[in-house]
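Single-structure report; data block below.
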Amino acid sequence: MKKLIVGLLMTAMICSLVACGGKNQSSAGTDTSAVGETAENADSSASSEDVVAYQAGTWDGVTYTNTSLGMCLTLPDGWQIGTQEQIDAVESAGQQVTGNTDNMGDTSSYEFYIYNPNTGSTIAMMTEDLTMFGEVTAQEYANTLAGQLMSYSDQGITYNFNGITDSVIGTSPFVSFAGMAEYQGSYIYQYYAVTENGGRMITIIATGPAEAGQAECEAVLSSIQPLSQN
């Protein structure tokens, strides 16, 4: 049952990204308690005058490399790379859980979707083209994302998040927040990390069953290595 609930909450996370993309990010002032506390320099990944186009990462066997983000991930033992069919199933299930029937269309795409079939823990990275929405910082996007997730209380999903903090994944600055989601009496660990790069907003989302899932997901995320910059 816990693995099923983890999967359902993963779909809620993904559907929330669809809702975030269509909102006016500059007016994202939703009070999300601890999440609403801004980090001093959380928008350090904001755009510069000369924007270098974002390049999608690639898989080479069990190794994922993303030069734009300066990161490299080796698939952990016991984990699998999700297929397009599995990704489609996640999106479909998420629409049923959240009631959000919007289509991500051509604005969003998966960089990777990996999961542990034995525990249900899942980590995905998605990118979204934000050129049509105007300028937005990773901090603003994270605030809107948190607010969207909080709104799922009507569907019986409640969240308790820590404040947004700065982090580095690979060689890129991210803003991130984490906490627990409660659904049907089960507690699920959730983690989000957001950065902007080359006109795209990149979001890493991880979920797993309570404390065990948190430890597992944190171990995978901490295994991400920075690429050497020549």
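Read left to right, the sequence shown gives residues -19 to -1, 1 to 211 (mature numbering (1 follows the signal peptide of the UniProt record, and there is no 0)).
All C-beta atoms in this analysis are idealised placements derived from N, C-alpha and C, irrespective of residue type, glycine included.
The model shown is predicted, which means the values in this text are computed figures rather than measured ones.
**Prompt:** Rounded to the nearest angstrom, how far is the Cβ of I205 from that of I145, given a contact under 8 Å?
**Reply:** The residue given as residue 205 occupies position 224 in the sequence shown. The residue given as residue 145 occupies position 164 in the sequence shown. Going by Cβ atoms, the distance from I205 to I145 rounds to 20 Å, so no, they are not a contact pair.
**Request:** Would you mind giving the Cβ-Cβ distance between Y170 and A191, rounded to the nearest angstrom? I have them listed as a contact below 8 Å.
**Result:** Counted from its first residue, the sequence shown places residue 170 at position 189. Counted from its first residue, the sequence shown places residue 191 at position 210. The pair is a contact, with the Cβ atoms about 6 Å apart (cut-off 8 Å).
**Prompt:** Mapping DSSP to helix, strand and coil, what is D135?
**Reply:** Residue 135 sits at position 154 when you count from the first residue of the sequence shown. It is helical.
**Message:** Using only the alpha-carbon positions, how far apart do A193 and M131 sit?
**Reply:** The sequence position of residue 193 within the sequence shown is 212, counting from 1. The sequence position of residue 131 within the sequence shown is 150, counting from 1. Near 23 Å, if we compare the C-alpha coordinates of M131 and A193.
**Message:** Which of the three DSSP states is assigned to A34 in this structure?
**Reply:** Here residue 34 refers to the residue found at position 53 when the sequence shown is read from its first residue. Residue state, collapsed to three classes: coil.
**Prompt:** T125 to G51, Cα distance in whole Å?
**Reply:** Residue 125 sits at position 144 when you count from the first residue of the sequence shown. Residue 51 sits at position 70 when you count from the first residue of the sequence shown. If I take the Cα positions, the gap works out to 26 Å.
**Asked** Does the distance from the CB of F158 to the CB of N178 come in under 8 Å?
**Response** Within the sequence shown, the letter at position 177 stands for residue 158. Within the sequence shown, the letter at position 197 stands for residue 178. Cβ distance not < 8 Å, so F158 and N178 don't count as in contact.
**Item:** Other residues of its chain near S102: CB distance less than 6 Å, five sequence neighbours each side excluded
**Value:** Within the sequence shown, the letter at position 121 stands for residue 102. Around S102: G189, G194, E197 and C198.
**Message:** My output table needs one value for G189: the three-state DSSP class, helix, strand or coil.
**Reply:** The residue labelled residue 189 in the question sits at position 208 within the sequence shown. Three-state result, G189: strand.
**Request:** Find out if the Cβ-Cβ distance for the pair G59, N47 is shorter than 8 Å.
**Result:** The residue labelled residue 59 in the question sits at position 78 within the sequence shown. The residue labelled residue 47 in the question sits at position 66 within the sequence shown. No. Outside cutoff.
**Request:** Report back the beta-carbon spacing between Y91 and I68 to the nearest angstrom; my notes put them in contact at under 8 Å.
**Result:** As a position in the sequence shown, residue 91 is number 110, starting the count at 1. As a position in the sequence shown, residue 68 is number 87, starting the count at 1. With a Cβ gap of about 6 Å, Y91 and I68 count as contacting.
**Of the listed residues M107, E66, L56 and Q129, nearest to Y96 (C-alpha basis)** = Numbered from its first residue, the sequence shown carries residue 96 at position 115. Checked all of M107, E66, L56 and Q129; the closest Cα to Y96 is L56.
**Prompt:** In three-state terms, what does DSSP make of E201?
**Reply:** Here residue 201 is taken as the residue at index 220 of the sequence shown, counted from 1. Inspection of the sequence shows that residue 201 is occupied by Val rather than by Glu. In the structure shown, V201 sits in a helix (DSSP, three-state: H, G or I).
**Item:** Between the CA atoms of T184 and D110 - distance to the nearest angstrom
**Value:** Position 129 of the sequence shown, counted from the start, is the residue given in the question as residue 110. Position 203 of the sequence shown, counted from the start, is the residue given in the question as residue 184. Approximately 12 Å, taken between the alpha carbons.
**Asked** Going by other Cβ atoms of all chains shown within 10 Å of its Cβ, with 16 needed for buried, is Q129 buried or exposed?
**Response** Position 148 of the sequence shown, counting from 1, holds the residue named residue 129. Burial call: buried.
**Extent of the continuous beta strand (DSSP E) run through G160** = Counting from 1 along the sequence shown, the entry for residue 160 is found at position 179. G160 -> beta strand (DSSP E) spans S153 to Y164.
**Request:** Please state whether DSSP places T118 in a helix, a strand or coil.
**Result:** In the sequence shown, the residue the question calls residue 118 occupies position 137. In the structure shown, T118 sits in coil (DSSP, three-state: anything other than H, G, I, E or B).
**Message:** Please tell me whether S148 and A174 are closer than 8 Å, where the distance is taken between their beta carbons.
**Reply:** Position 167 of the sequence shown, counted from the start, is the residue given in the question as residue 148. Position 193 of the sequence shown, counted from the start, is the residue given in the question as residue 174. Taking 8 Å as the Cβ cut-off, S148 and A174 qualify as a contacting pair.
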